[in-house]
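Undergrad: Protein chains in written order, with this note's numbering: chain A, 1 to 97; chain B, 98 to 1089; chain C, 1090 to 1276.
Glycine included, each C-beta is placed from N, C-alpha and C at the ideal position.
Small disclaimer: the values here were computed from a predicted structure and weren't measured.
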Amino acid sequence: MHRIDCPWCGIRDEAEFQYQGDATKVRPAPDASQDAFFDYVYKRDNPKGWHTEWWHHVGGCRQWVKVVRNTLTHEIHATGAPAEKLSLPRKKKRGSK
Amino acid sequence: MGKNRLNFGGTKLDRSKPVNFTFDGKTYSGFAGDTLASALLANGVVLMGRSFKYHRPRGCLTAGSEEPNAIVEMRSGPRREPNTRATVAELYDGLDAQSQNRWPSLAVDLQSVNQLLSPWLTAGFYYKTFMWPAKFWEPVYEKFIRRSAGLGHAAVEADPDTYEHAHAHCDVLVVGAGPAGLSAALAAAATGARVLIVEEQAHVGGDLSSTLDQIDGKPADQWAAEAWVKLKALDNVTTMTRTTVFGYYDGNVLAALERVNDHLAEPPNGQPRQRMWNIRAKEVALTCGSHERALTFDNNDRPGVMLAGAVREFVEGYGAAPGKRVVIVTNNDEAYRTAMVLKEAGVEVPLIADARTTPNAAAEAARAAGIPVEMGVLPKKAVGRLQVKAIELQRVDGAFHKKVECDCVAMSSGYSPDVHLVSQTGVAPIWREDILGFVPDTPKRQERSAGAGKGIFDLAGCLHDGHMAGIDAARNAGFEPAKSLKASRADPTSAVPPLAIWRCPGQGKAFVDFQNDVTARDIHLAAQEGYVSVEHAKRYTTLGMATDQGKTSNVTGIGLLATARGEPISDVGTTRFRPPYSPVAIGAFAGHERGREFQPVRQTAMHSCGEKLGAVFVEAGLWLRPQYYPKPGEGVMEAIYRESKQVRETAGICDVSTLGKIEIFGPDSGEFLNRLYINGWKMLAPGKARYGLMLREDGYVFDDGTTSRLDDDHYFMTTTTANAARVLAHMEHAAQVLWPELDVHFCSATEQWCGVAVAGPNARKVLADAFDEALDISDEALPFMGVRTFSWCGTTARIFRISFSGELAFEVNVPWSFGEAMWNAIWEAGQKHGLIAYGTEALSVLRIEKGHVAGNELDGRTTAADMGLGRMMSTKKPFIGQVMAGREGMIAEDRATLVGLKITESEGRLRGGAHLVVDKDDASAETSLGWVTSVCDSPAVGCWIGLAYLQGGLSQHEGKTLYAVNPIYDEAPAVEVCSAHFFDPEGERLNG
Amino acid sequence: MADFVPIHPLGDPEAVSKASSNAGVTFDIPPDLSMVQVFARKGQEDNVIRKLGISDSPRTASSQKSFNALPLSPGQWMLVGNEKDSSKFEAAIAKKVAGIGYVSQQSASRVCFRVSGPKVRDFMSRGCRLDLGESVTSKGYCAQTPIAQIGVLLHQIDEAPTYDLYVYSGFARAFWHWLTETAAQFR
Ligand SMILES: [Zn+2]
């Protein structure tokens, strides 16, 4: 079970969150092309390794939490509020946080 | 007392408490503290089960949870539980157990003819035998497999016991309370860390109960008992026994099953039978010990042939002699301890046959004690059928040596560290030739193994290693030990390494995996047929796939596979282990969440009002809603028809509390709503409500509802019951992620405000009487789509002039706690105006008659234009879903759009899900023009009507006849396509 | 017209005292609580905190004379007052945060179950995923977490410990059912 460090609530069980997908996608400007929106709505990478994702803390503070997670090892490197810029780890770390 | 009960040993027994039990209908007596297996042995019962495939007679092989053979059915009736290991089932008065896999009786099993078929039941027999012809699968093969392979019978009635989940947190989790585990827990606890130590058995100490060694100058089992008392007394330590850690998951979360009341006939009142723990551990010390292996020789499965450690445990721990004359066959030093214990207990040991030829101290000590030892001697074959009668021995070179009479053989092929849990973390076990076992590689999580679990088999080493692991775990959790902290001590011993013998030469059946009846020959055959990968060989032979997960057999199997491949074991590697470590009842996984408690029930404030009026309730998500209110003798359809008719004639009241309600505040609320809904909101005046439609970002319709402006910067949104949670999450995404710059704030108010709809020509009269002078709801004071707040009974109420039914209608909201009072006030006032209560079904009839869309039409595949609401989409402002709603396929001419349907036959009815075709004799996916979404028997129209999505819509099909084909009911009524606004299309009735 | 009183959340005021007699876990439903959810306007979080005299800690309640402020999420608090008249409470708080925040009336939206007793920590471990260990949480600790699949706003009100568990009113009876069933083993 993932244990996710919500910036507001602290470390909580995965069961309190709803997975909300890729957090690297940025909504295009309202007047952007259909292609730009198509990319935003449908196109997703499926990275093996580090990925930045949304986990919505519906069972707690109801905040959208940004999570840098390794899809291979399930290690969580960092979590933050939506506005925070989270960087991926430079090299592979051993042991999860 | 049983005939094989010793006066010696019995450290786990309470001999002052005799306990009666039955096995296969016969009554026996044992002591409190016995397991079913130890009590049977004490009574001279060696035969305990039949094997899975060949139905060979079997006794217990082990004395613990790794038992493959002695699995029985416990209890009866709804509590019946198959596949219980007799070696862990604690005895209680009245325990009732049955052997499995036999018919008609354990001693005479007619299905053991499978043994005669055994040439065809070798490795891969499922794959080979039952492949062809395919049509034989269900009628022939499956029945055969089920009958002959059945492992017991599940109960057919519901389990009367309860199970629960629980949560634990600790700095240091110690798994296993053997010498290493106790040592680790003592060390970690001394640092002040919060320690949780979990032991699978009812007793702690592991095999300290069956050793003659001393720790800190006292008998080892006494040391263990004292350590446990000490740990229990500490505030920072939690202890659990009868609890198996069975899973090691991400985030250093481990799952454990506590058998709270399995050792009693029935759980005491209020207590669960079992409890599943989720343990969140900062650091883990795995002190899980090791499992002894069987030697692989012909007929090594005969009852009475047991692991040497098990024999020792039965004698010392339970005072039960597995036999009167015990031959020991071994490749290592440990089995000598069994000989010494037997000797001490007064059981005859005619011979220790040691496969090794190197002289060793253990052999010298045995000889000094008067036990004959022969070196370089292997078992060849066990003689006897229902119980071993003798053992034939051979020289290492395969030459016959001699035959020794005995009624028990204690065998040992060395010990395998228990790497199950650590393997679950993704750590691949690595082979150590010096100990003939797999040990854990470098940890990937916050864990470390210690003691026998990592290949340290001597007591002094285990105590020291456990101590160091406890300190390391505590330190990593942030606790520093005092320098003076010392480990408990035992005398060091030196062992001669075991000798690798994976198959003692022979031509007969030599079992590797006892529970799945996998023989040495099966593994050889698998390798010959090309299944040389350990994972393939496992699946092909079913080695290690039984309920015991191959705890006693895996390493031997791998040794045989390596031999067949002619490669070292380190190159063959081991299979990975998966949870659970040992079987877990489904009931324990479900915990509290079963039956009525599967999900929590959500009730409205007016639930009891509905109950009083005899409502039939329907589930809407978690909510219970009144579906209809049948009068005595009235059927479902009649009740719905009456309710929907009556609303249009006089008035009806409907509980609409389940609608999602969201309070929105802030100067940017209007802008926020503009971006959420397809229509505009900035011009909505305070005191007014508006219908709104939301899209998903992909352009499809998401939800609809009415939102009101209560004040300049205060809005009140309603959503459909089904989408309430999703809409809130959608808005949170918008406010927190998309547009954090907007000064807008909102929260759910679904259970702050409960609501009723009062609809019908008399609605105004009813409410005027109900709320008395509190409220002016004249057309001037409260026009259509108007909203007012008023004070009623000392609380705040809100009234909305909105209509889902097309009638003059109002929705009244009061705080949840006033719901019942409001319903009663309206109900009483309404009686003289013909007020009736109506449920969700009549609500649906009324909205279908008006062509209003609901959940059936908002199915996630429809656009606003499909629903006839395309013109609501503003072009003056951006909103979520706007761009994608303009994609080619979303605006295509041939999309199915909303139409009405009227049945044109006097008999029959319409059904949702039916497909619309031109020719009812040519109905197929290709000829379908659309589908029916909602139907009702309409009082207002006078026939069955429906809403449907139809390609070409009204413009191409109005007035035409189509057929609504439903192959499930074999119906195809003729329908006329018409406008979805069946009733009062001009909306005149909204004014009463 | 008759005077109406709000109905008891369980429909039976006796239920609570009955379930609490001679028990390792005791229950109460404190009457006459008023609740409002307070939102700070964008950029006004500090002003609201100052104006209400509450703490900015995300996991600790602040106690004022007339209310406890339970943090919910950034810039949001549930203010719980011992005040029978919820409209009066709402108006008083609204006045304090006028111009810098908003107030949503929530008095009827939740039922508060007060749980205590010698076995309460063991009891809580049966449903609550949070670490409520003696060395971990103390008076004032606040959290939102699901218990028995029902969303709970939890507030530890003393060191006994006693927990106030706020659940949405629609779940009050389901939650009560879970509370009493689970407490049966601690009788
Ligand atoms: Zn949170």
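Assuming Gly161 (chain B) contacts Gly99 (chain B) under a Cβ cut-off of 8 Å, what Cβ separation, rounded to an integer in Å, is found between them?
TA: Contact doesn't hold; Cβ gap of about 21 Å is too wide.
Undergrad: From Gly414 (chain B) to Ser1214 (chain C), what does the alpha carbon distance come to, in whole angstroms?
TA: Approximately 34 Å, taken between the alpha carbons.
Undergrad: Under the rule that 16 or more other beta-carbon atoms within 10 Å means buried, what is Met1090 (chain C), buried or exposed?
TA: Caution applies to Met1090 (chain C), whose pLDDT of 42 falls short of 50 and renders its modelled position unreliable; the model cannot decide the point.
Undergrad: Smallest Cα separation from Trp850 (chain B): which of B:Ser630, B:Leu864, B:Phe897?
TA: B:Phe897
Undergrad: To test your reading of the DSSP string, which unbroken beta strand (DSSP E) runs of 3 or more residues are found completely within the segment 352-440 of chain B?
TA: 371-383, 387-389, 402-404, 422-427
Undergrad: So is the beta-carbon of Arg8 (chain A) under 8 Å away from any non-hydrogen atom of ligand 1?
TA: Reading the sequence as shown, one finds Trp at residue 8 (chain A) and not Arg. It does: the Cβ of Trp8 (chain A) is within 8 Å (strictly closer) of some heavy atom of ligand 1.
Undergrad: Under a three-way DSSP split, which group does Leu192 (chain B) fall into?
TA: strand
Undergrad: Across which residues does DSSP place His1266 (chain C) in a beta bridge pair?
TA: None; His1266 (chain C) has no bridge partner.
Undergrad: Do the CB positions of Ala587 (chain B) and Ala557 (chain B) come within less than 9 Å of each other?
TA: yes
Undergrad: Please list the partners that Gly10 (chain A) has in chain C, where partner means a Cβ-to-Cβ separation under 7 Å.
TA: Arg1148
Undergrad: Is Arg1130 (chain C) close to ligand 1? I mean its beta-carbon at under 8 Å from any heavy atom of the ligand.
TA: no
Undergrad: Among the candidates B:Phe813, B:Ala322, B:Gly130, B:Ala570, whose CA atom is the shortest distance from the CA of Val841 (chain B)?
TA: B:Phe813
Undergrad: State buried or exposed for Ile425 (chain B), treating a residue as buried only when at least 16 other CB atoms are found within 10 Å of its CB.
TA: buried
Undergrad: Which chain B residues are close to Cys1217 (chain C), counting only those with a beta carbon under 9 Å from its beta carbon?
TA: Neighbours of Cys1217 (chain C) on chain B, chain order: His264.
Undergrad: Can you name, in chain order, every residue of its own chain whose Cβ lies under 8 Å from the Cβ of His250 (chain B), other than the five neighbours on each side?
TA: For His250 (chain B), same chain residues with a beta-carbon under 8 Å away, outside a window of 5 residues either side, are Glu170, Arg177, Pro179 in chain order.
Undergrad: On a CA-only basis, which of B:Val295, B:Val996, B:Thr308 is nearest Leu1059 (chain B)? Give me that one, please.
TA: B:Val996
Undergrad: Measure from the C-beta of Ser33 (chain A) to each C-beta in chain B and report whether the shortest distance is under 9 Å.
TA: yes
Undergrad: Using a beta-carbon distance cut-off of less than 9 Å, what residues from the segment 942-960 of chain B approach chain A?
TA: Residues passing the 9 Å Cβ filter: none.
Undergrad: Check the Cβ-Cβ distances between His77 (chain A) and every residue of chain B, and say whether any is below 9 Å.
TA: no
Undergrad: Around the Cβ of Tyr19 (chain A), are there at least 16 other Cβ atoms within 10 angstroms (buried) or fewer (exposed)?
TA: exposed
Undergrad: In the structure shown, what three-state DSSP assignment does Met981 (chain B) receive?
TA: helix
Undergrad: According to DSSP, which residues form a beta bridge with Arg102 (chain B)?
TA: B:Ala417
Undergrad: Of all Cβ atoms in chain A, is any one closer than 9 Å to the Cβ of Pro837 (chain B)?
TA: yes
Undergrad: From the beta carbon of Lys1185 (chain C), is the nearest beta carbon of chain B less than 9 Å away?
TA: Closer than 9 Å: no.
Undergrad: Ligand 1 heavy atoms versus the CB of Arg12 (chain A): any closer than 8 Å?
TA: yes
Undergrad: Out of B:Leu596, B:Asp332, B:Ala317, B:Ser509, which one is the CA nearest neighbour of Thr455 (chain B)?
TA: B:Leu596
Undergrad: Measure from the alpha carbon of Lys486 (chain B) to the alpha carbon of each residue in B:Val143, B:Gly278, B:Met337, then state which is nearest.
TA: B:Val143
Undergrad: Name the DSSP bridge partner or partners of Trp836 (chain B)?
TA: The partner list for Trp836 (chain B) (beta bridge, DSSP) is empty, contrary to what the question assumes.
Undergrad: Taking only beta-carbon positions, decide if Val834 (chain B) is within less than 9 Å of chain A.
TA: Closer than 9 Å to some Cβ of chain A, the Cβ of Val834 (chain B) qualifies, so yes.
Undergrad: Do we get a CB-CB distance below 9 Å when we pair Asn375 (chain B) with the residues of chain A?
TA: yes
Undergrad: Which one of B:Pro165, B:Ala263, B:Thr132, B:Cys157 has the shortest CA to CA distance from His300 (chain B)?
TA: Comparing Cα positions, the closest option is B:Thr132.
Undergrad: Anything in the segment 1239-1262 of chain C with a Cβ closer than 9 Å to a Cβ of chain B? List those residues in chain order, please.
TA: Ile1239, Tyr1257, Ser1258, Gly1259, Phe1260, Ala1261, Arg1262
Undergrad: Between the alpha carbons of Ile168 (chain B) and Leu483 (chain B), how many angstroms are there, rounded?
TA: 17 Å
Undergrad: So, under 8 Å CB-CB, Cys1201 (chain C) and Ile1118 (chain C) are touching, yes? Tell me the CB distance rounded to an integer number of Å.
TA: 7 Å
Undergrad: Is any heavy atom of ligand 1 found at a distance shorter than 8 Å from the C-beta of Gln197 (chain B)?
TA: Every heavy atom of ligand 1 is 8 Å or more from the Cβ of Gln197 (chain B), so no.
Undergrad: Scan the segment 34-53 of chain A for residues whose Cβ lies nearer than 9 Å to a Cβ of chain B and list them as they occur along the chain.
TA: Closer than 9 Å at the C-beta level to chain B, one finds these residues of the segment 34-53 of chain A: Gln34, Ala36, Phe37, Phe38, Tyr40, Val41, Tyr42.
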